[in-house]
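Written below as structure tokens is the structure these notes are about.
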Amino acid sequence: PRRGLVLVDPSYEVKTEYAAIAGFTRRLLAKWPEAAVLIWYPLLPAGRHAALAPLAAAPRAGAGRSLLRGEDRIRRDRRFHPPPAGEVA
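So our numbering is basically just the index in the sequence shown, starting at one, shifted up by 8.
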């Protein structure tokens, strides 16, 4: 396909998945530059999500790509709630 959307939402139970997703995304966009990629990730205290920051901070020069990174750090006063989350699109 010429254009498409790839949603990446792995389990993140394996500690290396954050770095693996960053590498996967770079390889995917190298092979399929027309793709739109949305990556969801939890913001956990260990800070492993920092491995994804370069995807939004340094888009490929001259590729005409826009990247957006957002993080939900809203405090929730409930007993059980999911961790804050971030997205890179």
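Beta carbons are placed, not taken as given, at the ideal position from N, Cα and C, and that holds for glycine.
Owing to the predicted nature of the structure, the values given are computational and were not obtained by experimental measurement.
Distance CB(ALA43)-CB(VAL14) smaller than 8 Å: Within the sequence shown, residue 43 is the residue found at index 35, counting from 1. Within the sequence shown, residue 14 is the residue found at index 6, counting from 1. Taking the C-beta atoms as reference points, VAL14 is found nearer than 8 Å to ALA43.
Where LEU60 falls, given that 16 or more other Cβ within 10 Å makes a residue buried: Your numbering for residue 60 matches position 52 in the sequence shown. With 16 or more other Cβ atoms within 10 Å, it is buried.
Span of the alpha helix (DSSP H), counted from its first residue to its last, around GLY12: Here the question's residue 12 lines up with position 4 in the sequence shown. Counting along the chain, GLY12 falls outside any alpha helix (DSSP H), though it belongs to the beta strand (DSSP E) covering 12 to 16.
Residues near LYS23 by beta carbon distance below 6 Å, same chain, minus five either side: Numbered from 1 along the sequence shown, position 15 holds the residue referred to as residue 23. Spatial neighbours of LYS23 in its own chain (CB-CB distance under 6 Å, excluding positions within 5 residues in sequence) are not present.
Beta-carbon spacing of TRP48, ASP17 below 8 Å: Sequence index remark: in the sequence shown, residue 48 carries index 40 (1-based). Sequence index remark: in the sequence shown, residue 17 carries index 9 (1-based). When the beta-carbon positions are compared, TRP48 and ASP17 come within less than 8 Å of each other.
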